[in-house]
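Novice: Residue numbers (this note's numbering): 17 to 854.
Structure below; questions to follow.
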């Protein structure tokens with residue numbers, strides 16, 4: 017194919033030379049009248065922080081001290097030189113304005129906007145001047161705007177203290193039960209001038225499908241719907257050319273308001289698979305707009321060929337909730353995803369990659385982008401495509417009733433249309449979900465009476481949004497809300513039907529009650545724990561630091577959060593009176609509770625088709641349900657997820673009055689061998705033993721009864737049941753930690769230097785439960801490869817620590833660093849660190 021001449025649009029980035037100043041509101045004297053350099057993309061908080069005018073909002077009680085920012089108006093201003101005349105059109109493009117903005121160019125009003133979740137394009141050619149041009153964006157206080165709109169549109173219920181449901185803005189920007197209240201303003205995504213002539217690609221909508229006519233070879237089909245915008249300066253001889261894998265198709269542009277469809281078949285494509293099920297091949301898709309033989313605009317993406325559906329089929333046990341990719345049922349091991357920073361502009365591709373590294377470490381195969389945040393960036397979805405991590409994107413409605421009348425309805429439709437088209441090319445995207453907990457909220461949170469007949473969003477979830485998905489992204493699964501039972505005729509959070517959220521345990525009960533549920537799919541559940549010690553000490557400077565000191569309470573956003581932490585601990589472990597012990601106990605209890613739930617859910621397969629834990633990440637340093645804290649450090653929970661989500665898992669589970677060994681095999685290869693079941697005293701003596709030959713099919717789960725003679729303990733507080741299938745082990749303790757005879761952790765250690773850090777060899781002289789190296793206490797940047805390890809007497813484990821710092825080897829095995837559950841039951845005793853080597 018001969019290269020054709022090109023005259024594509026000229027983009028002039030407007031990301032430099034911005035200044036920020038206050039434009040009204042309760043602004044302190046030190047900030048009023050001051051202009052500071054502004055970073056675009058960015059926001060007011062980060063600009064003021066960079067200028068040294070405010071303290072870090074993440075530290076201590078600075079959130080309260082900085083509340084005036086969200087109550088104030090702000091002005092961004094820059095000057096730029098416009099490109100030389102010659103193009104038919106010059107468009108000013110804002111990819112994101114947060115949120116209530118007025119745009120002026122050279123003193124002329126260009127537009128007023130009020131939606132963080134939309135991009136905007138304005139024809140400004142007639143307003144540009146030769147030489148210097150002045151662009152200004154003024155932002156109205158989002159707090160005052162939301163308050164006013166909540167009156168103008170009439171009250172509707174919501175959680176938390178701001179009426180975030182009255183403004184189309186990231187809901188958690190106003191605070192959440194894990195997030196701080198920032199109420200940001202700013203130009204949060206790129207802004208640029210785009211100069212073009214004749215026509216441009218206004219929208220490309222690639223519908224990708226797979227056909228397998230002979231039952232073996234897969235053929236890909238790309239149906240590209242292309243919308244072209246003309247400049248009005250002459251239509252030209254326009255056509256669209258589409259190229260995939262060396263295949264080319266071309267079609268004439270039919271009209272300025274009509275979508276041009278180009279179909280292209282690709283023979284013998286390789287299928288894209290979720291991680292753990294196959295490879296993730298992707299293909300370059302290039303769309304070109306031609307005027308005669310001249311290319312005047314281009315658009316490109318990487319696509320993957322796969323089929324995907326969500327089966328919500330009634331069966332004898334209720335209603336399933338089964339994701340199926342390439343006709344293979346996928347058992348979901350997932351986590352919920354929130355914005356990774358309270359100021360999302362600070363999250364770049366490298367940060368997404370780091371977080372997804374942690375998701376892979378935790379053996380996750382799905383991330384659910386929660387509806388109180390944002391429609392995530394291209395980099396997020398591209399990296400998920402690359403790694404085979406399935407994604408589910410909520411539309412942005414969370415825990416509130418929303419008005420369905422204009423102007424909000426028009427804003428909702430515009431943002432939904434934009435992001436459905438923007439994200440539909442990603443093979444990882446498996447589900448669009450209408451809202452988070454809103455249908456459940458209407459049923460159970462007292463909304464109906466408070467609404468008094470007003471709209472609350474149901475029309476969005478059951479009418480507008482599914483119609484948009486069906487029109488623009490046909491074939492992609494859609495659910496009206498999470499949780500969702502499959503129909504409005506059944507309560508939305510019924511365990512036997514569809515997806516459910518389990519929050520009564522954390523809020524009112526205790527984690528052993530997870531076993532009372534036999535859910536088909538769990539889309540939210542979780543347990544709180546504090547951040548890592550180094551993150552906590554960086555962000556809270558209380559002296560003394562206690563679980564209830566002022567800064568600690570600022571960094572605990574859940575209602576009665578500390579009480580719930582305590583209530584969830586004391587049935588299992590005694591309440592420590594020393595802060596570092598409290599910190600370790602709460603982190604351990606969080607990890608134990610979540611692992612307990614996942615192991616139970618996996619033992620129910622295939623009745624249960626997966627779980628999505630709340631939550632993978634945090635947006636700032638806080639006590640929360642996250643596995644990765646606000647500074648990006650792994651909490652013990654991340655290691656618990658890695659263990660409980662392992663491809664091959666052995667757990668002991670109670671069934672009525674007996675015990676079973678549940679064997680889960682999430683690989684493509686059958687798992688055969690002898691299951692060795694042994695009941696042992698805490699000193700290691702084998703009290704009873706049995707061996708059972710087992711066959712666990714690929715992608716299967718098998719329950720093996722534990723023989724009575726092995727299962728029945730003589731001394732429940734001093735015995736453990738051990739189940740081994742090959743090198744995979746499961747343990748069953750007959751008594752809670754606090755009711756057991758677990759003694760002090762007697763161990764030997766040896767520390768050796770390696771090329772990238774240290775190896776710590778630990779040998780147990782006694783039973784040691786949940787051995788964990790809190791390495792961040794020694795080096796905040798260090799990373800350890802495993803945690804929460806239980807060692808029987810005589811067993812050893814080698815922990816690998818990556819650190820660029822020269823450390824004192826003894827510091828790695830100090831009692832407050834090398835921790836175990838034993839210490840919490842024997843607080844007066846400390847581990848013996850013997851044989852420390854350099």
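From the three backbone atoms N, C-alpha and C, an ideal C-beta is built for every residue, glycine too.
As the structure is a prediction and not an experimental result, all values here were calculated from the model.
Secondary structure at residue 649, three-state DSSP: helix, strand or coil?
Specialist: Of the three classes helix, strand and coil, the one that applies to residue 649 here is coil, per DSSP.
Novice: Would you tell me roughly how many angstroms separate the C-alpha atoms of residue 327 and residue 609, rounded to the nearest one?
Specialist: Straight-line Cα distance between these residues: approximately 29 Å.
Novice: How is residue 330 classed by DSSP in three states: helix, strand or coil?
Specialist: Here residue 330 sits in strand by DSSP.
Novice: Does the Cβ of residue 490 have 16 or more other Cβ atoms within 10 Å, making it buried, or fewer, making it exposed?
Specialist: Its Cβ having fewer than 16 others within 10 Å, residue 490 is exposed.
Novice: Taking all protein chains shown into account, decide if residue 599 is buried (16 or more other Cβ within 10 angstroms of its Cβ) or exposed.
Specialist: Buried: at least 16 other Cβ atoms inside 10 Å.
Novice: My guess is that residue 386 and residue 452 are in contact by the Cβ rule of under 8 Å, so how many angstroms apart are they, rounded?
Specialist: With 8 Å as the limit, residue 386 and residue 452 qualify as a contact, their Cβ atoms being about 6 Å apart.
Novice: Does the Cβ of residue 256 have 16 or more other Cβ atoms within 10 Å, making it buried, or fewer, making it exposed?
Specialist: That one is buried.
Novice: Taking the continuous beta strand (DSSP E) assigned at residue 681, which residues delimit it?
Specialist: Here the beta strand (DSSP E) through residue 681 covers 674-681.
Novice: So, is the C-beta of residue 491 closer than 7 Å to a C-beta in chain D?
Specialist: Checking the listed chains, one finds no chain D in this structure; it contains a single protein chain.
Novice: When burial is assigned at 16 or more other CB atoms within 10 Å of the CB, is residue 557 buried or exposed?
Specialist: Exposed: under 16 other Cβ atoms inside 10 Å.
Novice: Kindly identify the DSSP beta-bridge partner or partners of residue 540.
Specialist: In DSSP, residue 540 forms a bridge with 517.
Novice: Assuming the contact rule is C-beta atoms closer than 8 Å, residue 278 and residue 258 should be a hit. Round their C-beta distance to whole Å, please.
Specialist: Yes, residue 278 and residue 258 are in contact; Cβ-Cβ is about 5 Å, under 8 Å.
Novice: For residue 31, collect the residues of the same chain with a Cβ closer than 6 Å to its Cβ; drop the 5 residues on either side in sequence, then sort them by chain order.
Specialist: For residue 31, where only same-chain residues beyond five positions count, the Cβ hits under 6 Å are 56.
Novice: Just the Cα atoms here: how many angstroms apart are residue 527 and residue 613?
Specialist: Distance between the alpha carbons of residue 527 and residue 613: 7 Å.
Novice: May I ask you to report which of helix, strand or coil DSSP gives residue 319?
Specialist: Strand, per DSSP.
Novice: Determine, using beta carbons only, whether residue 16 and residue 763 come nearer to each other than 7 Å.
Specialist: Any answer about residue 16 is impossible in this case: the structure gives the chain only from 17 up to 854.
Novice: Whole angstroms are fine: how far does the CA of residue 476 sit from the CA of residue 770?
Specialist: Approximately 57 Å between the Cα atoms of the pair.
Novice: Can you check whether the CB of residue 541 is closer than 7 Å to the CB of residue 506?
Specialist: Cβ atoms of residue 506 and residue 541: not closer than 7 Å.
Novice: Cα separation between residue 362 and residue 201?
Specialist: Cα to Cα, the separation comes out at about 14 Å.
Novice: Near residue 686, what residues of its chain come up, given a Cβ to Cβ distance below 6 Å and the 5 sequence neighbours on each side ignored?
Specialist: The residues are 713 and 714.
Novice: Can you tell me whether residue 124 is buried or exposed? The criterion is at least 16 other CB atoms within 10 Å of its CB, across all chains shown.
Specialist: Classification of residue 124: exposed, given that the 10 Å Cβ count is below 16.
Novice: Note the first and the last residue of the continuous alpha helix (DSSP H) segment covering residue 62.
Specialist: Note, residue 62: alpha helix (DSSP H), 60-66.
Novice: Helix, strand or coil: how does DSSP classify residue 352 here?
Specialist: Three-state result, residue 352: strand.
Novice: Opposite residue 313 in the DSSP bridges: which residues?
Specialist: DSSP, once it has assigned bridges, lists 305 as partnering residue 313.
Novice: Check this for me: beta carbons of residue 537 and residue 619, under 7 Å apart or not?
Specialist: Not a contact, by the Cβ cut-off of 7 Å.
Novice: Check whether the Cβ atoms of residue 837 and residue 786 lie closer than 7 Å to each other.
Specialist: Contact flag set, yes.
Novice: If we count Cβ pairs, one from each stretch, closer than 8 Å, do we get three or more for the segment 379-395 versus the segment 567-579?
Specialist: No, the segment 379-395 is not in contact with the segment 567-579.
Novice: Less than 6 Å between C-beta atoms, sequence neighbours within five positions excluded: which residues of the same chain meet that for residue 127?
Specialist: Cβ within range, chain order: 119 and 138.
Novice: Grab me the residues of residue 851's own chain with a C-beta within less than 7 Å of its C-beta, minus the 5 sequence neighbours each way, in chain order.
Specialist: Caution applies to residue 851, whose pLDDT of 32 falls short of 50 and renders its modelled position unreliable; the value that the coordinates give is listed next. The residues are 764, 765 and 766.
Novice: How is residue 222 classed by DSSP in three states: helix, strand or coil?
Specialist: Note: residue 222 maps to strand in three-state DSSP.
Novice: How is residue 848 classed by DSSP in three states: helix, strand or coil?
Specialist: Here residue 848 scores only 36 on pLDDT, less than 50, and its place in the model is too uncertain to base an answer on.
Novice: In terms of residue numbering, what span does the beta strand (DSSP E) encompassing residue 448 cover?
Specialist: Run containing residue 448: 445-449, per the beta strand (DSSP E) assignment.
Novice: Label residue 173 either buried or exposed according to how many other C-beta atoms from any shown protein chain fall within 10 Å of its C-beta, with 16 as the threshold for buried.
Specialist: Buried, because 16 or more other Cβ atoms sit within 10 Å of the Cβ of residue 173.
Novice: In this structure, how does DSSP classify residue 17 when only helix, strand and coil are distinguished?
Specialist: Confidence at residue 17 is low in this model, with a pLDDT of 39, below 50, so its placement is unreliable and the value that follows should be read with caution. The answer is coil: DSSP assigns residue 17 none of H, G, I, E or B.
Novice: Compute the distance between the beta-carbons of residue 133 and residue 431, then report whether it is under 7 Å.
Specialist: In this structure, residue 431 lies closer than 7 Å to residue 133 by Cβ.
Novice: Could you tell me the alpha carbon to alpha carbon distance between residue 319 and residue 329, rounded to whole angstroms?
Specialist: Their Cα atoms are separated by approximately 29 Å.
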